[in-house]
């Protein structure tokens, strides 16, 4: 027998501090990831039902399209959300926060549970494992009832154990009396009825746990001589369950419900160990994960062994398995009732308590053996193999939940494979891409409440087909015919109805047969195959009334014969669609580059798309007119005005087939008048406010790092709270600072579009630009500071968080990274090894001759050069005249020589176009370096000999 009653207990202040740290950690872990994923199917029903009146929530009715159905969950959770949404709003965060809060409150319950079962150490370990349990983290960030359900059931179970256990068990594992006669039994019974009743009104599977724990109450009350109280409690429990009978008992005798399948009991038991240990965000086929699951199982068995009391073992095991065995029995007697870990999650606190007990039991064994060895006169703790083995096992036992939780949490936060279904991303994409006369059709009408939660564009009609609760054979065809006759495009969401109302996929078959597929957009999903397919309701290639005839020809692609915009102008949606009419043979892997060119002649919007959006589904008929549609998405803050839409075909490798050609003019309304505002690519809290009412809302850099000599695309987002921009001589200055405060360079510009006399008030204005870093920029992190001027006067500004203003405000930073250090010498080159001064060597070159000369020089730095040299490449005739030349900073102007590093190899490519008018003859190809200010050349030596004019003749070129 393991005796540990002599071990000192942690002090109460220490316990409080540790528990506070665990609470804060648990809160951060849950809050950190609360809205990383959008709602999945079931979560979409939470805003719908919680938005009903209280009486309607209690009725369990849910209205979807033309159908009224009963929700499969009781009302208490939705009553909570009904009131919390009034406080927190209707965002994903607001709907999920009650579950997050319940997940945090579970920690003190688990601590008290462990404390009453054994001591404070067990309470702390149980609270720690609860804080990082992957299953709890998953459901704490879900707008459903499962975390609240676990909390209520754990509170009820804890109250039951308080009624059973003696007060002295907190301090001693050997109570003198099993049942204290003085316990306030009635108080515990009332508390249990309260928590258990709320748990039952949160999730129906609570009935199995309550049934198992009722046996403990009967035994306890019988021991106390409270036989009448047994009957009274039974009557009260029956009265509390009567309101649920109409929604539960009839379900037992109906057919198999949607998404329920018979699951073997062995699988259900395996789910207990797998999901309670590591949740749903690991790959259980991996060997390490399987070993961790076995480790949890062994720890649970050790916990059962370490409990030592038959009563404690029975209590915890019944808590753990009551719901599992209840669902097994219900599935065998009635119909499938099990649908995954969330249906048995109510027993997970018992799992954590037993695993915690197993860990603590091993450390107790080690501690006691260490104490025994310490008491010996001839202590040999290092050579006592039993002590070392016990210590090793205790370390492994501690590592199992820590490693498992670390892997699972990393997957949850960083691995998109384990994310939830991407309905939110899909809905946002559709609303950012749909035209002004489009309709969204869900094959599964149960998803309509989820869409309503995320919907921003009221101009886009949303429906389900088949209409709920009818079957596709009865209503789908006339419904789809009416939709096709009314709208330009149909966005079909493929997730099928789980109740088999479209088991033969009639809806998609009709769409494929009668409409033209434009494109198919897939989205990540775990529980379904999620995509939206766009169909064109106009199936012929006849020119629309608004079409403009064209005759644009490029090599290797069909002729573009006409263009049409089927949209109202000015465009007030986040996207518009353009119809292009093609005729001729098509080339595979041809792409189109669309730009919207503003009145200032600059390109404000760029969109690249395949010429044939869905090549696999498209049937191209050569020499027949073909009409294809392309969406042009407008970024947030696209300034209002009349733009020219241009197009340029290009190959898959990026090579253009020709120049941009204009298609038509497009009038764009200011984004404040759009049907839905595009998603902000910057955080709203980053704004810099200036005294004159103008604010720099955000700075978007295309990359967080850049190499010297490169330009990083940058987009500025401006806004004004008034329209008094006209008449102001506004300009901005960007100061690029080293963290030390030194200014690297300054960039000046005019804010916003220069064609607008006035900016629309409270509307974001987007301004694309670029940030250039000269080739000699030292690597390092640079800070971006912004200054606004009105004429010669500086307009003071401040960041959102600071009450005072200053002349410049920091917003953004970027890392200038060095070029990769290449030191490997090439083997397939003409080796020269000529020396240019003391620091530079021309290792070799390659030359390709055709209509142009493609020369590649391989420079090698012996040391860091002290001068910045240009490279010159000269093609010289027999008389010594230069007929073709190129002078440039090495590597296309990107690598000044003072930035070269010792032993670095630089690949320097030069292309020389040989004029057709050049006479036939023999020409010399010469290279060298020169200092651009003085034109001084470093000394050139080849094979120990100085070269004339400090240049090296590489080879001769014969023309023709």
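Residue numbers (this note's numbering): -16 to 943.
Ideal Cβ placement from N, Cα and C applies to all residues, glycine included.
Computed from a prediction, not measured in an experiment: that's the story for all the values here.
Here the C-alpha atom of residue 553 lies approximately 18 Å from the C-alpha atom of residue 583.
With the rule of 3 Cβ pairs closer than 8 Å, the stretch 836 to 853 counts as touching the stretch 870 to 883. In the structure shown, the three-state DSSP call for residue 614 is strand. Using a Cβ-Cβ distance cut-off of 8 Å, the stretch 220 to 234 and the stretch 182 to 190 are in contact, since at least three pairs of beta carbons, one from each stretch, lie closer than that value.
In terms of Cα proximity to residue 812, the closest of 787, 838 and 137 is 838. In the structure shown, the three-state DSSP call for residue 410 is helix. Assignment of residue 656 by DSSP, reduced to helix, strand and coil, places it in the helix class. Judged by DSSP secondary structure, residue 519 falls within the beta strand (DSSP E) whose first and last residues are 513 to 519. For residue 650, there is no enclosing alpha helix (DSSP H); the residue is found in the beta strand (DSSP E) stretching over 644 to 651.
Leaving aside the five residues that flank residue 711 on each side, the residues in its chain whose CB is nearer than 6 Å to its CB run, in chain order, 773. Here the C-alpha atom of residue 601 lies approximately 7 Å from the C-alpha atom of residue 500.
DSSP places residue 436 within a helical segment (H, G or I) once states are collapsed to three.
The alpha-carbon separation between residue 222 and residue 173 amounts to approximately 15 Å. In the structure shown, residue 717 adopts extended strand secondary structure according to DSSP, grouped into three states.
The continuous stretches of alpha helix (DSSP H) do not include residue 583, and DSSP gives it neither H nor E. Two segments are said to touch when three or more pairs of C-beta atoms, one from each, lie closer than 8 Å; by this definition the stretch 631 to 647 does not touch the stretch 604 to 617. Contact between the stretch 390 to 410 and the stretch 260 to 270 is present: three or more C-beta pairs spanning the two stretches fall below 8 Å.
Distance from the CA atom of residue 521 to the CA atom of residue 126, rounded to whole angstroms, is 41 Å. The continuous beta strand (DSSP E) containing residue 793 extends over residues 792 to 799.
Using a Cβ distance threshold of 9 Å, residue 445 and residue 436 do not count as a contacting pair. In this structure, the CA atom of residue 906 is about 40 Å from the CA atom of residue 573.
If you draw a straight line from the Cα of residue 758 to the Cα of residue 804, it is about 16 Å long.
For the 9 Å CB-CB criterion, residue 140 and residue 96 form a contact. Note that the C-beta distance between residue 451 and residue 50 is below 9 Å.
In the three-state DSSP reduction, residue 39 falls in the helix class (H, G or I). The continuous alpha helix (DSSP H) containing residue 369 extends over residues 368 to 397. For residue 692, the closest alpha carbon among the candidates 448, 269, 12 and 799 is that of 799. The beta carbon of residue 766 is closer than 7 Å to those of 720, 722, 793 and 796 in its chain, skipping five residues each way along the sequence. Boundaries of the alpha helix (DSSP H) around residue 460: 455 to 469. By the criterion of at least three beta-carbon pairs nearer than 8 Å, the stretch 564 to 572 is in contact with the stretch 542 to 553. A direct Cα-to-Cα measurement between residue 728 and residue 12 gives close to 42 Å. Residue 17 sits close to residue 83, with the two beta carbons spaced by under 9 Å.
Assignment of residue 552 by DSSP, reduced to helix, strand and coil, places it in the coil class. The three-state secondary structure of residue 403, taken from DSSP, is coil. For residue 246, no alpha helix (DSSP H) run applies, since DSSP gives it neither H nor E. For the pair of segments examined, the stretch 370 to 379 was found not to touch the stretch -8 to 0: the number of CB pairs separated by less than 8 Å stays below three.
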